[in-house]
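Visitor: Numbering (my numbering), first residue to last: 82 to 616. Take a look at the following structure, please.
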């Protein structure tokens with residue numbers, strides 16, 4: 082049965098961005114945080130490496146800026162980069178205030194090295210930094226009287242009017258199989274990325290691009306979705322589909338080798354294993370395709386066994402459970418979709434075109450990452466955006482207040498039962514296979530054109546499912562997934578060059594006229610969610 086809920090601040094997503102923003106805003110306002118699954122099933126909780134931040138070294142701020150812009154292949158927003166990186170130290174201290182622990186060297190924070198960085202500036206907690214951050218922030222949020230966390234409640238679509246004002250959203254309650262109308266003065270999308278659109282990914286199953294798809298359907302501009310980052314080293318094993326082998330291993334000296342035991346990175350880049358992720362991922366992809374390898378190997382076994390166990394306890398134990406002892410064996414790895422560098426157009430404070438709709442974290446495009454995200458810049462961006470967003474909302478809160486009465490969800494005209502599971506799973510698998518084969522690490526106009534044609538057919542079928550059948554979480558995710566797949570493919574077709582994470586064999590060179598291809602945008606301005614359900 083349909084029902085209504087009211088709150089002052091509504092946050093969609095319970096990762097680092099959503100939790101940190103919630104904790105800051107809960108100092109003055111009532112906050113509701115939606116999690117479409119259990120709260121620990123988010124990319125933050127899976128993050129291993131750390132947070133890139135220049136600590137007590139102003140000169141390193143400049144070097145961090147230079148590394149980020151270089152790694153972004155010339156299309157980062159310089160002001161955004163400077164703004165976020167300058168706040169790195171403050172973000173670390175804020176997380177520590179919330180109880181987050183980081184590894185130390187004596188009394189000082191320890192810092193490690195990762196690909197693309199010119200100095201050791203990665204602050205970390207063992208090899209489970211994300212889990213440490215998420216656990217501590219979630220604990221504080223649960224104990225905060227001004228925060229309500231609702232699990233198994235998936236946002237469907239934003240609700241607005243002809244002036245592009247967002248007054249709330251519809252959400253599907255999986256426990257009661259009903260739709261809830263949630264009215265809020267401010268809506269913050271903190272839904273993470275869209276890497277599940279690919280067949281192989283390091284991300285949890287929840288990474289289906291929900292916030293980006295909702296914002297696109299609402300009319301927001303989506304930028305640079307062709308830049309999907311593939312992490313070079315995902316564990317290759319039949320029973321482990323999404324386990325990331327942290328970049329920190331390569332930062333501490335691990336080497337890549339082919340199945341014949343030969344090192345190969347020197348053939349691709351003078352920085353070898355410490356080259357940026359796009360370079361290393363393409364190198365591995367080329368080695369595998371040119372030689373018909375199923376995987377390559379990452380070797381750190383030449384290090385002292387005690388050091389490996391202490392520095393990488395979770396990776397060591399996870400691999401050992403699969404009969405891979407990384408103290409004397411190499412780790413089988415393959416590239417996998419990892420991070421969404423494009424997203425909803427916002428500034429550092431998360432402002433979208435709608436005055437009361439914000440977006441923060443991986444679902445956004447601020448210009449920070451350009452054509453390729455620098456390792457460990459993600460959690461930095463998430464924490465800075467959360468704090469800046471909170472400050473801006475507090476400053477302008479009175480202007481967001483409204484007493485708009487939102488209607489209940491109406492699906493009385495829907496008479497067909499739920500779509501058969503096999504129909505959803507088949508389309509899901511086909512989308513991810515198409516994206517992996519035709520819109521993956523290496524692309525061409527022909528491959529992208531074939532993907533576009535096939536995805537269009539699937540989109541028609543999914544649209545029919547949504548408008549004529551009872552909804553479910555699986556159907557809602559499939560709907561978002563096909564939207565994301567088409568946005569990525571169309572964006573990739575528009576970029577007639579190769580830059581960073583987008584490599585098109587038909588245009589192998591990088592266009593030097595930055596103004597020509599700075600941002601590839603996608604918008605659906607003709608689609609505005611009216612105040613009617615299932616518009």
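Backbone N, C-alpha and C fix where the C-beta goes; we use that ideal spot for every residue, glycine too.
Nearest-angstrom Cα distance between residue 232 and residue 119?
Guide: Straight-line Cα distance between these residues: approximately 6 Å.
Visitor: Under three-state DSSP, which class holds residue 303?
Guide: Looking at residue 303 - three-state DSSP - the assignment turns out to be strand.
Visitor: Which of helix, strand or coil does DSSP assign to residue 252?
Guide: DSSP places residue 252 in strand when its eight states are reduced to three.
Visitor: What span of residues does the beta strand (DSSP E) with residue 519 cover, start to end?
Guide: Where residue 519 is concerned, there is no enclosing beta strand (DSSP E), although the alpha helix (DSSP H) it sits in stretches over 502-519.
Visitor: Which residues mark the beginning and the end of the beta strand (DSSP E) in which residue 470 is found?
Guide: Premise fails: residue 470 lies in the alpha helix (DSSP H), 459-481, not in any beta strand (DSSP E).
Visitor: By DSSP, does residue 136 sit in helix, in strand, or in coil?
Guide: Here residue 136 sits in coil by DSSP.
Visitor: What number of angstroms, rounded off, separates the C-alpha of residue 282 from the C-alpha of residue 322?
Guide: Their backbone Cα atoms lie some 8 Å apart in a straight line.
Visitor: Reducing DSSP to helix, strand and coil, say where residue 404 ends up.
Guide: Residue 404 falls in the coil class under three-state DSSP.
Visitor: Is the number of C-beta pairs between the stretch 577-595 and the stretch 530-547 that are closer than 8 Å three or more?
Guide: At 8 Å Cβ cutoff, the stretches do not touch.
Visitor: With a threshold of 8 Å on Cβ separation, who are the neighbours of residue 302 within its own chain once the five nearest residues in sequence on each side are excluded?
Guide: Excluding sequence neighbours, residue 302 sits near 425, 426, 434, 602, 603, 604.
Visitor: Measuring straight from C-alpha to C-alpha, what distance separates residue 114 and residue 396?
Guide: If I take the Cα positions, the gap works out to 31 Å.
Visitor: Assuming residue 618 contacts residue 565 under a Cβ cut-off of 8 Å, what Cβ separation, rounded to an integer in Å, is found between them?
Guide: Absent from the structure is residue 618, since the part of the chain shown begins at 82 and ends at 616.
Visitor: Threshold first: 3 residues or longer. Then list the beta strand (DSSP E) segments lying entirely within the stretch 208-294, N to C.
Guide: List check, beta strand (DSSP E) in window: 228-232, 234-241, 247-254, 259-270.
Visitor: Measure from the alpha carbon of residue 89 to the alpha carbon of each residue in 489, 438, 141, then state which is nearest.
Guide: Ranking 489, 438, 141 by Cα distance to residue 89 puts 438 first.
Visitor: Thinking C-beta only, is residue 335 closer than 8 Å to residue 380?
Guide: Yes.
Visitor: Where does residue 339 fall in DSSP's three states?
Guide: Of the three classes helix, strand and coil, the one that applies to residue 339 here is coil, per DSSP.
Visitor: Counting Cβ pairs, one atom from each stretch, are 3 or more of them under 8 Å apart for the stretch 368-378 and the stretch 409-419?
Guide: Contact holds: three or more Cβ-Cβ distances are below 8 Å.
Visitor: Between which two residues does the alpha helix (DSSP H) carrying residue 310 extend?
Guide: Note, residue 310: premise wrong, no alpha helix (DSSP H); beta strand (DSSP E) at 309-316.
Visitor: Quick check on the DSSP output: the beta strand (DSSP E) that includes residue 205 runs from which residue to which?
Guide: First-last for residue 205: undefined, no H or E at that position.
Visitor: Roughly how many angstroms lie between the CA atoms of residue 185 and residue 191, to the nearest whole one?
Guide: When rounded, the distance between both Cα atoms is 5 Å.
Visitor: Counting pairs of Cβ atoms below 8 Å between the stretch 197-210 and the stretch 91-103, do you hit three or more?
Guide: Taking 8 Å as the limit for Cβ pairs, the verdict is that the stretch 91-103 does not touch the stretch 197-210.
Visitor: Quick check: what's the CA-CA separation for residue 548 versus residue 288?
Guide: Taking the straight line from one Cα to the other gives about 23 Å.
Visitor: Between the C-alpha atoms of residue 418 and residue 540, what's the straight-line distance to the nearest angstrom?
Guide: Residue 418 and residue 540: Cα-Cα distance of roughly 22 Å.
Visitor: Assuming contact is defined by CB atoms lying nearer than 8 Å, are residue 508 and residue 554 in contact in what I supplied?
Guide: Contact flag unset, no.
Visitor: For a quick check, are the C-beta atoms of residue 181 and residue 217 less than 8 Å apart?
Guide: Contact flag set, yes.
Visitor: Go through its chain and collect everything with a Cβ distance to residue 213's Cβ below 7 Å, but skip five positions before and after it.
Guide: Correct list, in chain order: 181, 182, 206.
Visitor: Just mark residue 117 as buried or exposed, buried being the case when its beta carbon has 16 or more other beta carbons within 10 Å.
Guide: Buried, because 16 or more other Cβ atoms sit within 10 Å of the Cβ of residue 117.
Visitor: Going along the chain, which unbroken runs of the beta strand (DSSP E) with 3 or more residues stay wholly within the stretch 348-425?
Guide: Counting whole runs of 3 or more residues, the stretch 348-425 contains the beta strand (DSSP E) stretches 377-380, 412-421.
Visitor: Which term fits residue 366, buried or exposed, when burial requires 16 or more other beta carbons within 10 angstroms of its beta carbon?
Guide: That one is buried.
Visitor: Suppose the cutoff is 8 Å on Cβ atoms and the five residues either side in sequence are ignored; what does the same chain contact list for residue 326 look like?
Guide: Hits under 8 Å: 314, 315, 316, 379, 396, 412, 414.
Visitor: Quick one: Cα of residue 607 to Cα of residue 299, how far?
Guide: Residue placement at residue 607 is poorly supported in this model, since its pLDDT is 40, which falls under 50; the coordinates are not used for a value here.
Visitor: What is the rounded straight-line gap between the Cα of residue 511 and the Cα of residue 136?
Guide: The straight-line gap from Cα to Cα measures roughly 46 Å.
Visitor: Between residue 348 and residue 306, what straight-line distance do the alpha-carbon atoms span, to the nearest angstrom?
Guide: So the alpha carbons of these two residues sit roughly 30 Å apart.
Visitor: Please report the distance separating the alpha-carbon of residue 197 from that of residue 529.
Guide: Distance between the alpha carbons of residue 197 and residue 529: 29 Å.
Visitor: Can you tell me which of the three DSSP states residue 489 falls into?
Guide: DSSP places residue 489 in coil when its eight states are reduced to three.
Visitor: Cβ of residue 453 within 8 Å of Cβ of residue 594?
Guide: No, Cβ-Cβ distance for residue 453 and residue 594 is not below 8 Å.
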